[in-house]
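> One structure follows; several queries about it will come next.
Right, dumping it as structure tokens:
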């Protein structure tokens, strides 16, 4: 019986939603603002199960009435129910129309929703400008998520001219409003941005989110480990690096292997370190292996360098694949240099330089103009004078 | 790109506007009037340009309610900042139109609601905004909007002393870490015992204020951090404040530094407070108080010299010099310090003169009566000179006990009940000491009384106990009834009485045993001996008993320095005198006095 009543109520109201065309004429000028408020409250009470049963469909009549009267919050709620097909038959077209109306009435959730649709080109055509406009409207109302998205648009120059200071401003405001993504990004920015360097703030922000964010946890562990930007604390470093490993971060696993090998903040355990590395090496792609070996060969901190391991990884990689690339030879040469085998390093680096011209695609710039060439040559020179290459800190 | 330029131009124009406004007041200055008119025109152009910017933006994005309201706010602020404009009415009208337009299109929009609420203050705001405390009324509100609501609620609750200010502020900060209610929230958390929470709030890196712009706000933050016990935080903020080179509340900072153990910086700040006292009444005294505890003999001596440099009135009775002597006896005295000791001698002389007034009155009145009736002079027992000595002992005990009260100043505009600037804990100590001195000074009198006055007790001990206690209960009946009827009444009765204020302080400093020793033993014994034994007996040998009784009761009431309880204490003195006469001994009045004090003590003291 209840089902029948429910079904009837949905069926009875659904055509009404369409017929009244909520999206078109629902400004509700015949209702006073107080009426709209009352209807809106009733609708959301119904939705949360205060009135009747906790079931989205049960609140559809009330939500519809409030939406027709001009409640943008009700419109947005209905739209998202329509979009996901919760309690009403799914209709993305209808949902977008209703979202647009709600967004035009200033509802921030609808504005964010619509911004997201434009950003990813879902159901509407991809349009960064539109995305920016809607995110901006929601951000002006103080929505942290919209601020973060907008910051990303400003950072990447999508739909707007790239603007670092604007991005920083937005990230700061979103972080103040407890947006975890913004807190992480801002924390990392405060570590690495030369102009806005603020280590106290960076530690504060990353510690806010590191429990649940692998990037933040790894960064925090890394900073405590190096101690360049504040206090060096191996115990905290181990804690956060392990946290990042638990959250599934591959780079953090390598860091954990490094500190386990040296017994920094954790008990020294060579076997475990070996096992961790083997695990990562076994599960990494060729590209990732190249990155790992490169890092072990040229990291600025002694702690993170491991010449023999880099040599081993690169030799295996080059042996297992028949594709020889200049980049990989360059990595191998750096690994040889780090391991102290400068003769091999010189020979391999020369092979890498030769490979640059072999890799040249027809019609592309001549090998002399390859941007990598200068780097390769300077590394070759340093190997010749018996110096291994180091990344700048 | 245009907008920054226009707004810069506007800022420059607005900044230069007051200069124009001042020129207008000088008569006959045509140049300045012309300048003002041209300024007026320039401002109008800039204003219209800015308005055009806003309107273009709103036209392209009609849904951006926050920008619409920014426009209204701009118009309001423009009117507020340029009150001399000839076209000010038009600006006001534009502002009204802007508000009406927002309300017509977006009445229930959170931005519009918040904008309307911004027009209220204090209790009105609390009333208008309270409905939105319910989350059901906040559908479609962003986190920041809710935070703004709670920050508004907190600020206005704080301005009217509403205790909800703290919880509102804490909630606002939970939602938005930059909410400008940090101090309200932290103070309330410290009150509730959540010091860690207060420290977290105060040390958040998302404080929009900078020490250079809001140094007094930072001083307040330092005070709260010290209360929360965060010495590192105090040191950190103090460093920032120093770097900003702004003018801040040095005394508050000095106290915070002292309380967190940073003595060297505190010393510097106490010295700075002497240069820039702000609202502080006696900066030299505060510095001296600090140095006498934390400084070396030389530093304390220097602080005293700087205090004494203000003149003899800074230390009229050398109380501060004696305090310094107790702490650092080796410091040599200067000639001017002896002036203070002269002040003490003068004060003693005044006490003696004051005590002589009632005594001489009794003496001459008694002489007249004896001459009229042809009676012989009284020669036995306690004489009038003993009464004079007793009263002098009472006064000098008070004066002497001041030397235990630590550094103090008799000249202050602070709202203290005693009218002197003194550390309340040390003052309680001096109050207790006063009774020891008094009892010691009474000893010769007691010796004379025991030798010369015959004991003629007419009441048995149980009878004295029962009757005296019953009379005390009857006399305290109003207080007992008030206490039974309303729990607030006793504190209302006790308030404003210096004696009770002091007793509460003693209770806090020395515990309940000392307090009850004071009110149930020391005070009854000493006072009954002086007033009912010495004064009443000697006076009644010269004048009639009733006249003597009234006089000793008047002196007894005057000694209590309590304007509000004057008549009540006078009545109590009369009754005690009567009981002394009827019982023929001191036991009954002492028990009566002790019971009278005990009842109030039990009811009033926490």
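Protein chains in written order, with the numbering used here: chain A, 40 to 432; chain B, 1485 to 2090. Glycine is no exception: its CB is placed at the ideal position from the N, C-alpha and C atoms. Computed from a predicted structure; not experimentally measured.
Could you tell me whether the region 1862–1882 of chain B touches the region 1818–1827 of chain B, where touching means 3 or more Cβ pairs closer than 8 angstroms?
Too few Cβ pairs lie closer than 8 angstroms, so no.
> Please state whether DSSP places residue 2092 of chain B in a helix, a strand or coil.
As shown, chain B starts at 1485 and ends at 2090. That puts residue 2092 of chain B outside it, with no answer to give.
> When you check each C-beta in the region 1736–1756 of chain B against every C-beta of chain A, which residues fall closer than 9 angstroms?
none
> Check whether chain B comes within 9 angstroms of residue 259 of chain A, counting only Cβ atoms and requiring the distance to be less than that.
Counting from one through the first chain, the residue named residue 259 of chain A turns up at place 220. Residue 259 of chain A does not count as touching chain B.
> Buried or exposed for residue 195 of chain A, going by 16 or more other Cβ atoms inside 10 Å?
As a first step, residue 195 of chain A must be located in the first chain, where it is residue number 156. Exposed, since its Cβ has fewer than 16 Cβ neighbours within 10 Å.
> Along chain A, in chain order, which residues have C-beta atoms closer than 9 angstroms to that of residue 1699 of chain B?
Here residue 1699 of chain B refers to the residue found at position 215 when the second chain is read from its first residue. Contact of residue 1699 of chain B with chain A by beta-carbon distance below 9 angstroms is absent, the smallest such distance being about 21 angstroms.
> So with Cβ pairs under 9 angstroms, would you call residue 148 of chain A a contact of chain B?
If you number the first chain from 1, residue 148 of chain A lands on position 109. Interface residue, yes.
> Name the chain A residues whose beta carbon is nearer than 9 angstroms to that of residue 1655 of chain B?
If you number the second chain from 1, residue 1655 of chain B lands on position 171. Result: empty, since nearest Cβ-Cβ is about 13 angstroms, beyond 9 angstroms.
> Have a look at residue 1449 of chain B and residue 1767 of chain B and give me their C-alpha separation to the nearest angstrom.
Any property of residue 1449 of chain B remains undetermined from this structure, which presents chain B solely from 1485 to 2090.
> Of all the CB atoms in chain A, is at least one closer than 9 angstroms to the CB of residue 1508 of chain B?
Taking the first residue of the second chain as position 1, residue 1508 of chain B is located at position 24. At residue 1508 of chain B, the pLDDT of 46 sits below 50, so the modelled position is not reliable; the number obtained from the coordinates is stated separately. Chain A, which has no Cβ nearer than 9 angstroms to the Cβ of residue 1508 of chain B, makes this no.
> Using 8 angstroms as the Cβ pair cut-off and three pairs as the minimum, do the region 2069–2083 of chain B and the region 1988–1998 of chain B touch?
no
> Can you pull the chain A neighbours of residue 1660 of chain B, defined as C-beta to C-beta under 7 angstroms?
Taking the first residue of the second chain as 1, we reach residue 1660 of chain B at position 176. Correct list: 215, 216.
> According to DSSP, residue 1893 of chain B sits in a beta bridge with which residue or residues?
Position 409 of the second chain, counted from the first residue, corresponds to residue 1893 of chain B. DSSP, once it has assigned bridges, lists B:1905 as partnering residue 1893 of chain B.
> Could one say the Cβ of residue 166 of chain A lies closer than 9 angstroms to chain B's Cβ atoms, at least one of them?
For this step, residue 166 of chain A is matched to residue 127 along the first chain. For residue 166 of chain A, the answer is no, since every Cβ of chain B falls outside 9 angstroms of its Cβ.
> Check the Cβ of residue 79 of chain A against every Cβ in chain E and list those closer than 8 angstroms, keeping chain order.
Given the protein chain composition of this structure (A and B), no chain E is represented.
> Compute the Euclidean distance between the alpha carbons of residue 1615 of chain B and residue 1588 of chain B, then round it to the nearest angstrom.
Taking the first residue of the second chain as 1, we reach residue 1615 of chain B at position 131. Taking the first residue of the second chain as 1, we reach residue 1588 of chain B at position 104. Going from the Cα of residue 1615 of chain B to the Cα of residue 1588 of chain B covers about 21 angstroms.
> Indicate the three-state DSSP secondary structure (helix, strand or coil) for residue 1573 of chain B in the structure shown.
Locating residue 1573 of chain B in the second chain gives position 89, counting from the first residue. In this structure, residue 1573 of chain B counts as helix in the three-state DSSP scheme.
> Could you give the DSSP three-state label for residue 1525 of chain B: helix, strand or coil?
To locate residue 1525 of chain B, count along the second chain from 1; it is residue 41. Helix, per DSSP.
> At 4 residues or longer, and completely inside the region 176–241 of chain A: list those alpha helix (DSSP H) runs for me, N to C.
183–195, 203–215, 219–231
> Can you tell me whether residue 1700 of chain B is helix, strand or coil according to DSSP?
Here residue 1700 of chain B refers to the residue found at position 216 of the second chain. The three-state reading of DSSP puts residue 1700 of chain B in helix, counting H, G and I together.
> Considering only residues of the same chain and omitting the five flanking positions on each side of residue 1886 of chain B, which have a CB-CB separation below 8 angstroms?
Position 402 of the second chain, counted from the first residue, corresponds to residue 1886 of chain B. Scanning its chain for C-beta atoms nearer than 8 angstroms, with the 5 sequence neighbours on each side dropped, one finds around residue 1886 of chain B the residues 1801, 1803, 1892, 1914, in chain order.
> Of all the residues that make up the region 179–201 of chain A, which are near chain B by a beta-carbon distance shorter than 7 angstroms?
179, 180, 181, 182, 183
> How far does the alpha helix (DSSP H) with residue 152 of chain A in it extend, from its first residue to its last?
Here residue 152 of chain A corresponds to residue number 113 of the first chain, with the count starting at 1. Here the alpha helix (DSSP H) through residue 152 of chain A covers 147–159.
> Looking at the C-beta of residue 323 of chain A, does it have a partner C-beta in chain B at a distance below 9 angstroms?
In the first chain, the residue the question calls residue 323 of chain A occupies position 284. So, not an interface residue.
> Please list the terminal residues of the continuous alpha helix (DSSP H) segment that includes residue 2100 of chain B.
No information on residue 2100 of chain B is available, as it lies outside the stretch 1485 to 2090 that chain B covers here.
> Using a beta-carbon distance cut-off of less than 7 angstroms, what residues from the region 1624–1638 of chain B approach chain A?
Going along the region 1624–1638 of chain B in chain order, one finds 1624, 1626, 1627, 1628, 1629 with a Cβ nearer than 7 angstroms to chain A.
> Can you tell me whether residue 173 of chain A is buried or exposed, with buried defined as 16 or more other CB within 10 angstroms of its CB?
Stepping through the first chain from its first residue, residue 173 of chain A is reached at position 134. Under this definition residue 173 of chain A is a buried residue.
> According to DSSP, is residue 1848 of chain B part of a helix, a strand, or is it coil?
One-based indexing of the second chain puts residue 1848 of chain B at position 364. Here residue 1848 of chain B sits in helix by DSSP.
> When DSSP labels each residue in this structure, what does residue 2071 of chain B get in the three-state scheme?
Along the second chain, read from residue 1 onward, the residue named residue 2071 of chain B stands at position 587. DSSP places residue 2071 of chain B in helix when its eight states are reduced to three.
> Classify residue 1740 of chain B: buried if its beta carbon has 16 or more other beta carbons within 10 angstroms, exposed otherwise.
Position 256 of the second chain, counted from the start, is the residue given in the question as residue 1740 of chain B. Residue environment analysis places residue 1740 of chain B among the buried positions, since at least 16 neighbouring C-beta atoms fall within 10 angstroms of its C-beta.
> For a contact meaning CB atoms closer than 8 angstroms, what does residue 1665 of chain B contact in chain A?
Residue 1665 of chain B sits at position 181 when you count from the first residue of the second chain. One finds nothing in chain A with a Cβ atom closer than 8 angstroms to the Cβ of residue 1665 of chain B; even the nearest lies about 13 angstroms away.
> Taking only runs that begin and end inside the region 1725–1788 of chain B, name each unbroken alpha helix (DSSP H) of 4 or more residues, in chain order.
Look at the region 1725–1788 of chain B and you find these whole runs of alpha helix (DSSP H), each 4 residues long or longer: 1734–1743, 1747–1759, 1767–1778.
> Along the region 231–264 of chain A, where does the CB come closer than 9 angstroms to a CB of chain B? Name the residues.
237, 239, 240, 243, 244
> Helix or strand or just coil, what does DSSP make of residue 272 of chain A?
Counting from one through the first chain, the residue named residue 272 of chain A turns up at place 233. Residue 272 of chain A falls in the coil class under three-state DSSP.
> Using a 10 Å radius around the Cβ and a threshold of 16 neighbouring Cβ atoms, would you call residue 207 of chain A buried or exposed?
If you number the first chain from 1, residue 207 of chain A lands on position 168. Looking at its Cβ environment, which holds 16 or more other Cβ atoms inside 10 Å, residue 207 of chain A is buried.
> Please report the distance separating the alpha-carbon of residue 108 of chain A from that of residue 189 of chain A.
Residue 108 of chain A sits at position 69 when you count from the first residue of the first chain. Residue 189 of chain A sits at position 150 when you count from the first residue of the first chain. Computed Cα separation, rounded: 32 angstroms.
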